[in-house]
Amino acid sequence: MSTNFVKYGLWADYNRSPISRYQILLTDWWAGILTNALAVLITSAGRPLFTLTVGLYNWLWRKISSRWTNIQAASLQDARDTQESIGIILEPIRHGGFANVPLGGPPIGRTKEAIEIIGTGAMVLIVLGLPVMLITASIVSAGLATDTTALSNAYTCGKYEHRLPNSSDILLEYDHKAEVEANMYAIDCYGTSPLVENCNRFYSQNITYTVNSAGCPFKGNVCGESQNGSIRLSTGLTSGSVLGINAKNPYFFSRTMICSPLVTDEEYVGIGLSSRGEKQWEYWYGSSLSNYTWVNPVQKSPWEIKGYSTSIHWWDPIAPQSPFHPLDEFTAGPYPVTLNFISSHAIYYHNFRNDSVFPAQTKARFADGYPGPDLYYNNSTRAGVLGCVDQYQICESINGPCSAGSTQFTGSEALDAQSKLNHMLSMQLADEQWKVEAEKMFQTSLARMQINLFDFVRGTAAGYPGAYNTLPPEHRGMCAMVEIPTVGWRNVNLVGFLGTIAALGVVWGVSRKRKDASGEEILVVTIIYNSLVRIVVFIWRDIFRPVGVLFGKLFISIVLEPLRNFMLKSV
Numbered sequence: 001m002s003t004n005f006v007k008y009g010l011w012a013d014y015n016r017s018p019i020s021r022y023q024i025l026l027t028d029w030w031a032g033i034l035t036n037a038l039a040v041l042i043t044s045a046g047r048p049l050f051t052l053t054v055g056l057y058n059w060l061w062r063k064i065s066s067r068w069t070n071i072q073a074a075s076l077q078d079a080r081d082t083q084e085s086i087g088i089i090l091e092p093i094r095h096g097g098f099a100n101v102p103l104g105g106p107p108i109g110r111t112k113e114a115i116e117i118i119g120t121g122a123m124v125l126i127v128l129g130l131p132v133m134l135i136t137a138s139i140v141s142a143g144l145a146t147d148t149t150a151l152s153n154a155y156t157c158g159k160y161e162h163r164l165p166n167s168s169d170i171l172l173e174y175d176h177k178a179e180v181e182a183n184m185y186a187i188d189c190y191g192t193s194p195l196v197e198n199c200n201r202f203y204s205q206n207i208t209y210t211v212n213s214a215g216c217p218f219k220g221n222v223c224g225e226s227q228n229g230s231i232r233l234s235t236g237l238t239s240g241s242v243l244g245i246n247a248k249n250p251y252f253f254s255r256t257m258i259c260s261p262l263v264t265d266e267e268y269v270g271i272g273l274s275s276r277g278e279k280q281w282e283y284w285y286g287s288s289l290s291n292y293t294w295v296n297p298v299q300k301s302p303w304e305i306k307g308y309s310t311s312i313h314w315w316d317p318i319a320p321q322s323p324f325h326p327l328d329e330f331t332a333g334p335y336p337v338t339l340n341f342i343s344s345h346a347i348y349y350h351n352f353r354n355d356s357v358f359p360a361q362t363k364a365r366f367a368d369g370y371p372g373p374d375l376y377y378n379n380s381t382r383a384g385v386l387g388c389v390d391q392y393q394i395c396e397s398i399n400g401p402c403s404a405g406s407t408q409f410t411g412s413e414a415l416d417a418q419s420k421l422n423h424m425l426s427m428q429l430a431d432e433q434w435k436v437e438a439e440k441m442f443q444t445s446l447a448r449m450q451i452n453l454f455d456f457v458r459g460t461a462a463g464y465p466g467a468y469n470t471l472p473p474e475h476r477g478m479c480a481m482v483e484i485p486t487v488g489w490r491n492v493n494l495v496g497f498l499g500t501i502a503a504l505g506v507v508w509g510v511s512r513k514r515k516d517a518s519g520e521e522i523l524v525v526t527i528i529y530n531s532l533v534r535i536v537v538f539i540w541r542d543i544f545r546p547v548g549v550l551f552g553k554l555f556i557s558i559v560l561e562p563l564r565n566f567m568l569k570s571v
C-alpha cells in the first residue's frame, strides 16, 4: 500500500545539491512509464549517433589526409608524365628542404591553425565519446527515478490537546508510547551496528553526536566522580535538514547532555520509617510528591522479582508545574535536570564492580560444593543516582515548549543493563556502566526528536479520544515542510530528465545533413564547427588583438617612456 497524504508533482528539495533540487513525485506506475519511454528514446538515438560518428570520422580523415595528399598540387597538375611527377615530389628532399614542403595548399595563420588543432582534438573526443555517451545515458535514465522521499501533506498535521476529563491520562499514554518507541528505535538504529531494515522510517536513520569528558554540570559540588569525570554527549550545531525539514534557509539546532553519578552521602540519603513502620531509604534531592524525592525499602523482600528498580525525576525551569523541584545545588541554571535513581540489589555479576551506580563489591557465598564461578553482588538496596543536564535549542511546536521529554516516562526497561539480565545473573557490563546508560538516554532523546517531528506532520495524536488540533491556520505551512520516506512513490530528477531530452534533441539535430555552397551534403555539426572557428578567429584578430596593441602602445607612452626619460636625466 502506498503512503497517503504526500505532496505529489513538481517540488523543490532544498536538502539536495542545486542540480538535483527539483523533483517530480509520481506514483511507481507513472514513474515506470516515464523512465521506460525515456529508455526507448535513448535507444532510438542509436542510428543518429552512428551517422554522426561515421560523418565526423570521415570529416577528420579528410582534414588530416588532405595535408599529405595535396603535395605540390598545382605543379603536379602540369606534369607531363609519372616520371616528372615523382621528380616534382622529390625535388624538395634533394635540396634539403623537406621540412618546408607545403602540405595541403597555402599556409594558414598560426591563430587559425591553433584553433583548428583544438577544434579537431575536440572532434576526436566527441567521436570517441559518442558511443560512451549512449551507454551512460541508458544507465542514467534507469537511475532518474530511484528516490522515494516526499513532502508530507497530511490534513491531520498539528499539535494536539484533549478535552476529555481524563485528558492528562491520555497525554501520559501518548507520551509513554512515544518514549517506549523512541527507546526501541535507539536500540535498533543508533550505535555501531544499526539494524537497517528497521531504520527507514525517518528522513535520516539517526543523528550523529560526539562523546567527551566534562566537568560537573550542576550548580553545587554534587558530582560523585572526579573533576572531569562527567560525560558530555552533543550533536553540535546541526542543520535541521537531518530531521527532514525542507527549507530554503534551514535553521540549525543542537542538543547536549552532560551526565554524572551524584553524591549519596548522609546529607542526601538516609533511613526513615514508612507509614507501616518499615525501614526505607529516603532520598533528599528535592521535593517531589512528598518532602523527599524518592523512597525504596531497606530490607530485601524474598517475593521481589529480581531486577533493577528505577525512578526518574525531571525538572525544567520553564515548566513550574513540574511535581519535582530539586535543591538549589542540583540545578543547572536555565537547563532541565533529570535525576535517575537506580537500585541494583540482588543481582549477581561475574566480576567485582566499582561502578558508583552499578556496584558489586560483595562476594557471594554459596553452599559447600558449589561448582560455579565466583559471583559478586550489591548487598544494599540503596540506589545510585545518575544526574543529567539537558541543553537544547529546538522546540516541538511554534510556541514551545522546548523539551523533547525523552527521559521522563520509561523505567528500568529502558536500561541497557536490564536487557543483559537473565533472572538473577547479569551478562558482562562495561566497567563504567553508568556512561553506557547515559549514552543510551541521549540516543533515546535524539530518537524522540525524530518521532516528535514525524508525529507532528502526520498527526499521530489525532487518533486519541477527545483530541483537537491547536495549530493556528497561519502556521499550517509547516505541515508541508518535512520530508518522509514513502512507499509507492518515486521522484524523477527534473534536470536529469530535461537534460537527457535536450541531449537527444541535440544529437538528432546535429546528425542531420545539409548541402553546402558546392552542393555537397555535410553534417550540421560540421557547419556549426566551421562557423565557430570563423567567429573565434574574427574575435581574436579583429577585436582582442587590436585592443591589445592599443593598450600596449598606451602603456609604453604613459609608463615606459616617462620612466626611460627620468632615468636618462638622473644619469
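Under full-length UniProt numbering, think of the first position of the sequence shown as 1, with each following residue one higher. All C-beta atoms, glycine included, are put in the ideal place defined by N, C-alpha and C.
Q) Apart from the five residues just before and just after S241, which ones in its own chain have a Cβ nearer than 7 Å to its Cβ? A) So the list reads N15, P250, once near-sequence residues are dropped.
**Q.** Cut-off 6 Å between Cβ atoms - residues of its own chain near D28, not counting five sequence neighbours on either side
**A.** Here the set comprises G488, R490.
Q: Apply the 10 Å Cβ neighbour rule to P373 and answer buried if 16 or more other Cβ atoms are within range, or exposed otherwise.
A: Exposed is the call here.
Q | Same chain, Cβ closer than 6 Å to L262, neighbours up to 5 away in sequence not counted | A | For L262, where only same-chain residues beyond five positions count, the Cβ hits under 6 Å are V222, G224, V385, G387.
Q | C157 beta carbon less than 7 Å from that of C479 | A | Contact: yes.
Q. What does G384 pair with, by DSSP beta-bridge criteria?
A. DSSP lists I342 as partners of G384.
Q) Whole-angstrom Cβ separation of A150 and I484, contact assumed at under 8 Å? A) That belief holds up - the Cβ atoms of A150 and I484 are roughly 7 Å apart, short of 8 Å.
**Q.** At least three beta-carbon pairs within less than 8 Å, the region 252-271 to the region 440-452
**A.** Segments in contact, yes.
Q | Outcome for Q23 when other beta-carbon atoms lying within 10 angstroms are tallied against a minimum of 16 | A | So Q23 counts as buried.
Q. Near D516, which residues of its chain fall below 7 Å by C-beta distance, leaving aside the five closest residues on each side in sequence?
A. Cβ within range, chain order: I522.
Q) Going by the CB atoms, is the gap between T381 and S426 shorter than 7 Å? A) No, the Cβ-Cβ distance between S426 and T381 is not below 7 Å.
Q: Kindly provide the ranges of any beta strand (DSSP E) runs that are 3 or more residues long and lie completely inside the region 419-500, ordered along the chain.
A: Here the runs fully enclosed are 467-469, 483-485, 489-493.
(Q) Just verifying my parser: in three-state terms, what is the DSSP assignment at C223? (A) Correct three-state label for C223: strand.
Q.
Using DSSP's beta-bridge definition, name the partner residues of H162.
A. In the DSSP output, where bridge partners are listed per residue, H162 has A467.
Q: Measure the CB-CB distance between K435 and E329 and report whether it falls below 7 Å.
A: Cβ distance not < 7 Å, so K435 and E329 don't count as in contact.
(Q) Three or more C-beta pairs under 8 Å: does that hold for the region 228-242 against the region 458-473? (A) Flag = no, the region 228-242 and the region 458-473 do not touch.
Q. With distances taken between CB atoms, is the gap from L41 to V507 smaller than 7 Å?
A. Contact: no.
Q) Based on Cα-Cα distance, which residue from Y292, Y308, K300 lies nearest to H325? A) Comparing alpha carbon positions, the residue from Y292, Y308, K300 closest to H325 is Y292.
Q: Name the one or two DSSP bridge partners that P261 has.
A: Listed as beta-bridge partners of P261 by DSSP are L386.
(Q) Threshold first: 3 residues or longer. Then list the beta strand (DSSP E) segments lying entirely within the region 277-325, N to C. (A) The region 277-325 contains these whole beta strand (DSSP E) runs: 279-283, 294-297, 309-315.
Q) What is the rounded straight-line gap between the Cα of S287 and the Cα of L375? A) Taking C-alpha positions only, S287 is separated from L375 by approximately 38 Å.
Q: Might you give, ordered along the chain, the residues of its own chain that have their beta carbon closer than 6 Å to the beta carbon of D147, omitting 5 neighbours on each side?
A: So the qualifying residues of the chain are N491.
(Q) Considering only their Cβ atoms, is the gap separating L446 from I207 smaller than 7 Å? (A) Yes, the pair counts as a contact, with Cβ atoms nearer than the cut-off.
(Q) Let me make sure I understand the geometry here. Which of E181, R534, L415, P371 has the alpha-carbon closest to that of I312? (A) Selected option, being the one with the closest Cα: L415.
Q.
If you reduce the DSSP assignment to three classes, tell me which class D13 lands in.
A. In this structure, D13 counts as coil in the three-state DSSP scheme.
Q: Could you pull the start and end residues of the alpha helix (DSSP H) that I535 belongs to?
A: Taken as a continuous stretch (DSSP letters only), the alpha helix (DSSP H) holding I535 covers 524-539.
Q: Return the CA-CA distance between Q433 and H162, expressed in angstroms with no decimal places.
A: Inter-residue distance for Q433 and H162 is about 40 Å (C-alpha atoms, whole angstroms).
Q) In three-state DSSP terms, what is P217? A) Coil.
**Q.** Three-state secondary structure (DSSP) of S511
**A.** The answer is coil: DSSP assigns S511 none of H, G, I, E or B.
**Q.** Distance, R534 Cα to V559 Cα
**A.** Spanning the two alpha carbons is a distance of roughly 36 Å.
Q.
Let me confirm a value: P359 is counted as buried when at least 16 other C-beta atoms fall within 10 Å, else exposed. Which label applies?
A. Using a 10 angstroms sphere on the CB of P359, the tally of other CB atoms reaches 16 or more, which defines it as buried.
Q. What is the DSSP secondary structure of T156, counted as helix, strand or coil?
A. If DSSP states are grouped into helix, strand and coil, T156 belongs with coil.
Q) Going by the beta-carbon positions, is the gap between Y349 and A364 smaller than 7 Å? A) No, Cβ-Cβ distance for Y349 and A364 is not below 7 Å.
Q) Under the three-state reduction of DSSP, which class applies to G505: helix, strand or coil? A) Looking at G505 - three-state DSSP - the assignment turns out to be helix.
**Q.** I347 versus T264 - alpha carbon distance
**A.** In this structure, the straight-line span from the alpha carbon of I347 to that of T264 is close to 20 Å.
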